[in-house]
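S.K.: Pasting a structure here, questions to come.
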Amino acid sequence: MKRLFILIQDMKETTEVAQELRSLGIKDNQIHICGGISEDIKAEHLYPANIFQTTNLGYAIKFGPLLGLGFVVLIIALCAFFFPANIKIHALGYLAILVFGIGFGIWATGLIGLGVKNPVLEKYQAFLEEGHYIMMIDTAVPEKEKEITEVVLSHHPGIKVADSVH
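Be aware that the sequence shown starts at 31, since it is given in the numbering used here, and climbs by one per residue.
Structure, rendered in structure tokens:
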């Protein structure tokens, strides 16, 4: 999934662009608007960007199970090192440690992801603070991204496509 970021000056133009995108076959749940007041965005029948679009939460959670497995290995190593030889952990105990560790990893990386703003939104924070909008469009097909860019820029010369931040 690729996300295209479009910088738009006002809500009227944002609504017009959204209507054009719908005519291109883009669904409403693929268009998210960042900036302004979410009630104003909803009043225009658009979707305000949620926490998954404005932070790195989704990206960070993907690494949670890996962190959790590292934590599990650490716990099991500590148990093996500090427990006396006559104390054994049953399979259910190992399963509980595994579930706890993976859950801990997802929780920890989720907290980290909540604290990290989407790099594109961070780059254009001053643009948002001036009262403008950033439209995020999710596309699965790279060719669709090119088509969207061409159509939108041809009808709205004042609009800019945000530079990707890697």
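We put the beta carbon where it would ideally sit given N, CA and C, even for glycine.
1) Restricting to runs no shorter than 4 residues, where is the alpha helix (DSSP H) found entirely within the stretch 94-133?
2) Compare the Cα-Cα distances from residue 102 to each of 122, 79, 71 and 134 and report the closest residue.
3) Tell whether a beta-carbon distance below 8 Å holds between residue 59 and residue 148.
4) With distance defined between alpha-carbon atoms, name the residue in 50, 181, 143 and 164 nearest to residue 150.
5) For residue 78, which three-state DSSP category applies?
6) Could you give the distance in angstroms between the alpha-carbon of residue 78 and the alpha-carbon of residue 100?
7) Between the beta-carbon of residue 45 and the beta-carbon of residue 69, is there less than 8 Å?
8) Using 8 Å for Cβ pairs, my map puts residue 105 next to residue 127. What's the rounded Cβ distance?
9) So if DSSP puts residue 62 in a beta bridge, which residue, or which two residues, is it bridged to?
10) Going along the chain, which residues of its own chain have a beta-carbon closer than 7 Å to the beta-carbon of residue 139, five neighbours each way excluded?
11) Under 8 Å, with one C-beta from each stretch per pair, do the stretch 169-186 and the stretch 49-63 reach the 3-pair mark?
12) Assign residue 67 to buried or exposed, taking buried as 16 or more other Cβ atoms, counted over all protein chains shown, within 10 Å of its Cβ.
13) For residue 191, list the residues DSSP reports as bridge partners.
14) By the 10 Å Cβ neighbour count, where 16 or more other Cβ atoms means buried, how is residue 123 classified, buried or exposed?
15) Would you mind working out which of 61, 137, 43 and 160 sits nearest residue 168, comparing C-alpha positions?
16) What residues in its chain sit with their C-beta under 8 Å from that of residue 72, if we drop five residues either side in the sequence?
M.R.: Quick look at the numbers:
1) 94-112
2) 134
3) no
4) 164
5) strand
6) 37 Å
7) no
8) 6 Å
9) 166
10) 90, 91, 93, 94 and 97
11) yes
12) exposed
13) 36
14) exposed
15) 61
16) 78
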